[in-house]
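Everything below concerns the one structure shown next.
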Amino acid sequence: MNTMVATFIILIVSIILMVTEKIPLALTAMCTTLALCLCGCLSASEAIAGFSNSNVILIGAFLIIGQAIFSTGIAHDIARFALRYAKTEKTQILAICLVTALLSGFLSNTGVTAMMMPIVMGVCHESGVHRSKLMMPISIGAGVGGTITLIGTVVNVIANTTMTEFGYEQQFSMFEFTKIGLPLSIITSILLATVLRPLLPDYEDDPSVVAVEEENFSSVPQWKKTLTVVLLIIAFLGMCFESQIGIKLHITASVCAALLCLTGILNEKEAMGSIHLKTIFILAGLLPLSTAMNNTGAGQLLADKVVAMAGNGMSPLVLMAVLYIACSILTQFISNTAAATIMCTVGCSIAQGLNADPRAILMAIVLGASFAYATPLGMPANTLVMGIGGYRFQDYTKVGLPLVLISFVYCMILLPIFYPLTLA
Numbered sequence: 188m189n190t191m192v193a194t195f196i197i198l199i200v201s202i203i204l205m206v207t208e209k210i211p212l213a214l215t216a217m218c219t220t221l222a223l224c225l226c227g228c229l230s231a232s233e234a235i236a237g238f239s240n241s242n243v244i245l246i247g248a249f250l251i252i253g254q255a256i257f258s259t260g261i262a263h264d265i266a267r268f269a270l271r272y273a274k275t276e277k278t279q280i281l282a283i284c285l286v287t288a289l290l291s292g293f294l295s296n297t298g299v300t301a302m303m304m305p306i307v308m309g310v311c312h313e314s315g316v317h318r319s320k321l322m323m324p325i326s327i328g329a330g331v332g333g334t335i336t337l338i339g340t341v342v343n344v345i346a347n348t349t350m351t352e353f354g355y356e357q358q359f360s361m362f363e364f365t366k367i368g369l370p371l372s373i374i375t376s377i378l379l380a381t382v383l384r385p386l387l388p389d390y391e392d393d394p395s396v397v398a399v400e401e402e403n404f405s406s407v408p409q410w411k412k413t414l415t416v417v418l419l420i421i422a423f424l425g426m427c428f429e430s431q432i433g434i435k436l437h438i439t440a441s442v443c444a445a446l447l448c449l450t451g452i453l454n455e456k457e458a459m460g461s462i463h464l465k466t467i468f469i470l471a472g473l474l475p476l477s478t479a480m481n482n483t484g485a486g487q488l489l490a491d492k493v494v495a496m497a498g499n500g501m502s503p504l505v506l507m508a509v510l511y512i513a514c515s516i517l518t519q520f521i522s523n524t525a526a527a528t529i530m531c532t533v534g535c536s537i538a539q540g541l542n543a544d545p546r547a548i549l550m551a552i553v554l555g556a557s558f559a560y561a562t563p564l565g566m567p568a569n570t571l572v573m574g575i576g577g578y579r580f581q582d583y584t585k586v587g588l589p590l591v592l593i594s595f596v597y598c599m600i601l602l603p604i605f606y607p608l609t610l611a
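Numbering (this note's numbering), first residue to last: 188 to 611.
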């Protein structure tokens with residue numbers, strides 16, 4: 188069989204499997220790579236290259252660093268301190284969404300959500316505010332906060348890795364997302380606490396839902412917290428000045444992760460347990476698809492079709508909007524990791540065909556994949572708060588859809604300014 192045809196068939200089957208999730212995503216990813224290899228679309232070395240990819244290593248290292256921040260109670264202390272001064276429902280919603288967003292910019296979104304839930308349940312008990320009013324701001328904050336830094340969500344890393352697989356030297360830097368993600372996090376928090384607050388459900392708390400106990404970190408030695416903060420600062424400084432010091436991001440992160448274990452802040456079991464193998468296998472398994480699209484010319488063919496459309500008068504802004512909307516719709520119903528993997532591969536193919544800056548296209552795709560508020564299916568954070576908040580499917584749509592639309596308008600204003608897409 189022609190390798191280009193085989194690549195397209197495997198791509199379509201992979202998309203169907205990821206959308207339906209008939210088999211786990213990680214297994215779909217690995218089967219995709221194996222099928223591409225067996226059909227001659229990839230060499231054996233290309234098939235396993237994802238496991239040694241620098242961005243996959245970066246994610247693994249930061250999962251370990253994030254575990255130290257959780258296990259020493261630093262993240263908990265930050266959240267508790269911020270919520271101490273939120274006394275009214277409006278200020279509580281604002282603080283919860285904003286604090287979750289800021290923490291999610293640097294830590295696992297799912298981990299931050301799980302940590303915030305018992306804290307917020309305590310706030311509800313103390314203030315008398317129903318859980319349904321304060322739980323959804325956690326998941327929304329986790330979603331928008333992922334756009335603050337490169338490591339805020341796996342979706343951002345997928346974009347960088349896909350560009351590498353397509354041979355691009357351009358990469359998103361550590362804080363390149365901040366100029367868009369941080370203001371949007373603040374805007375989202377304010378809107379949720381003011382204009383959109385009446386849309387948040389106000390259900391009576393279900394007495395059958397057992398309150399999750401807040402973890403006690405009083406026994407954690409102060410030196411562990413201090414050293415964790417120092418190593419975190421060193422990691423970020425190393426990433427900010429990567430070009431000046433000549434050390435790659437993933438090496439800096441790996442050194443700090445290793446020091447956390449060597450100093451006894453984390454033991455080996457805790458460090459290994461913090462690495463989410465499902466995420467690693469999804470990343471490493473699906474990234475070779477980008478290589479196959481490039482190798483076989485399937486990506487070029489796809490790009491040619493888009494180039495023909497662009498040649499018929501499609502403006503750069505319309506192209507970015509179409510890609511954003513396509514990814515935004517997809518991510519409401521399937522994992523945002525899967526949505527970004529599919530769309531980033533397509534996006535890089537389009538960028539090659541248009542001879543355009545891939546960052547302009549991939550930033551639109553990444554942002555579209557990040558705001559999965561409108562259903563409980565788009566990201567784990569939505570599902571985590573669903574039971575405790577007593578939410579129904581339509582509650583997410585009622586609150587999330589306006590936020591998705593606002594985010595779209597915001598991004599369509601800023602993206603052409605920061606990433607002008609010039610069609611060749």
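All residues carry an ideal CB built from backbone N, CA and C; glycine is no exception.
All figures in this text were calculated on a predicted structure; none of them were measured in a lab.
Using CA atoms only, rank isn't needed, just tell me which of Q357, G472, G368 and I265 is closest to T215.
Out of Q357, G472, G368 and I265, G472 has the C-alpha closest to the C-alpha of T215.
Local conformation of L270 per DSSP, three classes
In this structure, L270 counts as helix in the three-state DSSP scheme.
Apart from the five residues just before and just after E615, which ones in its own chain have a Cβ nearer than 8 Å to its Cβ?
With the chain running from 188 to 611 in the structure shown, residue 615 is simply not present.
Looking at S557 and G333, is the spacing between their C-beta atoms short of 8 Å?
Against a cut-off of 8 Å, the Cβ pair of S557 and G333 comes out as a contact.
Neighbourhood of D582 by C-beta distance below 7 Å, restricted to the same chain and skipping five residues each side
Around D582: P388.
Opening and closing residue of the alpha helix (DSSP H) in which Q254 lies:
S241 to S258
Would you tell me roughly how many angstroms separate the C-alpha atoms of S405 and L223, rounded to the nearest one?
52 Å
Return the chain-ordered list of same chain residues with a C-beta closer than 6 Å to the C-beta of T190, the five sequence neighbours on each side being excluded.
Closer than 6 Å at Cβ, skipping near neighbours: G227, C228 and T483.
Are the Cβ atoms of L474 and G237 separated by less than 8 Å?
yes
Here's the rule: buried if 16 or more other CB atoms are within 10 angstroms of the residue's CB, otherwise exposed. What is S395?
exposed
Taking 8 Å as the threshold (C-beta atoms), are L510 and G540 in contact?
no
Option in G247, N296, E233 and S536 with minimal Cα separation from A458:
G247
Would you check if there are 3 or more beta carbon pairs closer than 8 Å linking the stretch 571-579 to the stretch 301-321?
These segments touch.
C-alpha distance - L488 paired with T297, whole-angstrom precision:
Within the model, the alpha-carbon separation for L488 versus T297 is close to 38 Å.
Ranges of the alpha helix (DSSP H) found wholly within the stretch 419-490, counting only runs of at least 4:
429-432, 436-449, 455-461 and 464-483
Can you tell me where the alpha helix (DSSP H) holding P385 begins and where it ends?
From DSSP, P385 is part of no alpha helix (DSSP H); its letter is neither H nor E.
Going by other Cβ atoms of all chains shown within 10 Å of its Cβ, with 16 needed for buried, is S145 buried or exposed?
As shown, the chain starts at 188 and ends at 611. That puts residue 145 outside it, with no answer to give.
Given a cut-off of 8 Å, decide if A559 and T584 are closer than it, judged by their beta-carbon atoms.
Not a contact, by the Cβ cut-off of 8 Å.
How long is the line joining the alpha carbons of E401 and E363, rounded to whole angstroms?
35 Å
What do you get for T381, buried or exposed, if any count of 16 or more other CB atoms within 10 angstroms of its CB means buried?
Under a 10 Å Cβ-count criterion, T381 is classified as exposed, with fewer than 16 other Cβ atoms of the shown protein chains found around its own Cβ.
Spatial neighbours of G260 within its chain, please: CB distance less than 6 Å, with the 5 preceding and 5 following residues excluded, ordered by chain position.
Here the set comprises F404 and V407.
Q279 and P545 - do their beta-carbons sit closer together than 8 Å?
no
State the Cα-Cα distance for the pair R384 and I374, rounded to the nearest angstrom.
13 Å
Proximal residues to A547 (C-beta, below 6 Å), its chain only, five neighbours per side dropped
Y606 and L608
Per DSSP, what kind of secondary structure is R318 in: helix, strand or coil?
The answer is helix: DSSP assigns R318 an H, G or I state.
Would you tell me roughly how many angstroms separate the C-alpha atoms of V596 and N542, rounded to the nearest one?
26 Å
Leaving out five residues on either side along the sequence, give the residues of the same chain with a beta carbon under 6 Å from the beta carbon of L554.
C598
Three-way DSSP call (helix, strand, coil) for R546 in this model:
helix
Residues in its own chain within less than 7 Å of A508 by CB, not counting five upstream and five downstream?
Within the same chain, A508 has close Cβ partners M599.
Chain-order list of residues whose beta-carbon lies under 6 Å from that of A485 (same chain, five-residue window excluded)
M191, T194 and F195
For A213, I'd like the list of residues in its chain whose CB is within less than 6 Å of its CB, leaving aside the five on either flank, ordered along the chain.
K465, F468 and I469
Determine whether the beta carbon atoms of I251 and A422 lie at a separation below 8 Å.
No, they are not a contact pair.
Since A568 contacts I325 with CB under 8 Å, what's their CB separation in whole angstroms?
7 Å
For L414, the three-state DSSP class (helix, strand or coil)
helix
So, is T439 buried or exposed, given that buried needs 16 or more other C-beta atoms within 10 angstroms?
buried
Cα-Cα, which of G451, E391 and V442 is closest to W410?
G451
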